[in-house]
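What follows is a short report on a single structure.
Protein chains in written order, with this note's numbering: chain A, 1 to 128; chain B, 1001 to 1334.
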């Protein structure tokens, strides 16, 4: 591992792999190879970067906390829209800070229950 | 109530689950065999269909096809249902377990508590088996995990009702009864023919062997079109689909080769065993492709391996697979 606070532990469990060696197919229970870890890490980093970007946007007042909570959970817009039952264009609108302020508790509750937090926690965008 | 069920790890979730469920009913059939009979092998690259911010590349048929096709080919009666109400689906699950059937479920990965966080994407095509209930907790056999695990009622309900693309709606399935006799030879031959047709004969440029060539051509454009970083991410997505989404390695090509090898023994066909070796060599080329491609996916790394080189491997693979599947389509099998 490159640094201490690296939270990437992919491939800690043994999985079943097939392989072809010496004209025979075999199975083996093994860990993921290092090359597999590289592209899994790429995805992992992208999600973290998106969450960081979203947080900066919220701090800069360009976006509402909904965007941060969505990105933090690795959700895409269509997943959030389907889980809350709110149309995609509305979710996009709710990501604007000026519109987010006007939302009533009923809609906020929908978001809060999908994110599994309290309504008051929606404004909390601390990392971790 | 805990049913007598043997947990086995498998390379691919759906064929592994099907094989384990049938084994539980007394039909001894291996995972590669299920993949082959169910014609699980496929290829398509769909640039207009995005998952995790990159185009989807699949190496398999649609979810559910392997179970449906393989049980149909063997003449096995099945139960299969989706539910609108989550609580209904849970009570249906309880009833099935009471009746003594281990149940296969289609679930979303994101909320599975026993999965490591790196796996937890919003991906709804995972399969697992529930084979018992004890003190309000369900016993789950997941083919990715080495040992069976327990999961609570609420967690299980949550993973059965994720939203988004391919939402499962609590889909559950299990084999009901085995037929008195079944024709394994015919099932194998039909499975091979169906898979070969899918790979070669579909007149659409994004699927089958044509799809591999299409991916190679697209790959050459990525760097110019999207820039280095995005091109590398797109490549990473292809590799993740090839190696990680429960494929047993090399995008099911290893498992399919193992099937051909097994089929050659059952059908007593020398030529088929030669083709299985060719399949294995092709699968190794897929491994080379992913090994080389991974070098481009490093953090802050540029393009270490030129896309021309990667595309060249893909063109070579396409030629090999074209040869393999056209031979399989026309050769005498029984």
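Think of the CB as a built atom: it goes at the ideal place given N, C-alpha and C, for glycine as much as any other residue.
Please read all numbers here as calculations on a predicted model, not as lab measurements.
Check                                                                                                                                                                                    : Outcome
Can you look up residue 1334 of chain B in the DSSP assignment and give me helix, strand or coil?                                                                                        : coil
Check residue 1189 of chain B in the structure and name its three-state DSSP category.                                                                                                   : helix
Whole angstroms is fine: what's the gap from residue 126 of chain A's alpha carbon to residue 55 of chain A's?                                                                           : 9 Å
Give the single residue among B:1012, B:1262, B:1260 whose Cα lies nearest to the Cα of residue 1345 of chain B.                                                                         : Nothing can be reported for residue 1345 of chain B, as the shown portion of chain B is limited to 1001 through 1334.
Going by DSSP in three states, residue 1269 of chain B sits in which element: helix, strand or coil?                                                                                     : coil
Apply the 10 Å Cβ neighbour rule to residue 34 of chain A and answer buried if 16 or more other Cβ atoms are within range, or exposed otherwise.                                         : exposed
Just checking my contact of residue 1251 of chain B with residue 1286 of chain B at CB under 8 Å: how many whole Å lie between their CB atoms?                                           : 6 Å
Please classify residue 1145 of chain B: does DSSP put it in a helix, a strand, or coil?                                                                                                 : coil
Within a Cβ cutoff of 6 Å, which residues of the same chain sit near residue 1057 of chain B, ignoring the five residues on either side of it in sequence?                               : 1045, 1238, 1241
Using alpha carbons as the reference points, say which of B:1138, B:1102, B:1059, B:1060 lies closest to residue 1080 of chain B.                                                        : B:1102
Can you list, in chain order, the residues of its chain with a C-beta nearer than 6 Å to that of residue 74 of chain A? Leave out the 5 residues immediately preceding and following it. : 47
Could you give the uninterrupted runs of the beta strand (DSSP E) lying entirely in the segment 1013-1093 of chain B, keeping only those of 3 residues or more?                          : 1041-1051, 1054-1060, 1077-1081
Below 9 Å on C-beta distance, what does residue 29 of chain A contact in chain B?                                                                                                        : 1009, 1146
Is there a Cβ of chain A sitting closer than 8 Å to that of residue 1297 of chain B, yes or no?                                                                                          : yes
By alpha-carbon positions, which one of B:1282, B:1143, B:1200 ends up nearest to residue 1006 of chain B?                                                                               : B:1143
With respect to the alpha helix (DSSP H) encompassing residue 1359 of chain B, which residues constitute its N-terminal and C-terminal limits?                                           : Absent from the structure is residue 1359 of chain B, since the part of chain B shown begins at 1001 and ends at 1334.
When you compare the CB positions of residue 1159 of chain B and residue 1107 of chain B, do they come within less than 8 Å of one another, or not?                                      : yes
Within 8 Å (strictly less), CB to CB, does residue 1255 of chain B reach chain A?                                                                                                        : yes
Only counting the same chain, and skipping five residues up and downstream in sequence, which positions put a Cβ closer than 6 Å to that of residue 3 of chain A?                        : The predicted position of residue 3 of chain A is uncertain, since its pLDDT is 45 and thus under 50; a value taken from the coordinates is nonetheless stated next. Result list for residue 3 of chain A: empty, nothing under 6 Å.
Under 6 Å Cβ to Cβ from residue 1 of chain A, same chain only, skipping five residues before and after it: list those, please.                                                           : At residue 1 of chain A, the pLDDT of 36 sits below 50, so the modelled position is not reliable; the number obtained from the coordinates is stated separately. Result list for residue 1 of chain A: empty, nothing under 6 Å.
When the cut-off is 8 Å and only beta carbons count, does residue 954 of chain B lie next to chain A?                                                                                    : There is no way to answer for residue 954 of chain B, as the model of chain B reaches only from 1001 to 1334.
Under the rule that 16 or more other beta-carbon atoms within 10 Å means buried, what is residue 1099 of chain B, buried or exposed?                                                     : exposed
How about residue 1272 of chain B and residue 1283 of chain B: do their beta carbons lie closer than 8 Å?                                                                                : no
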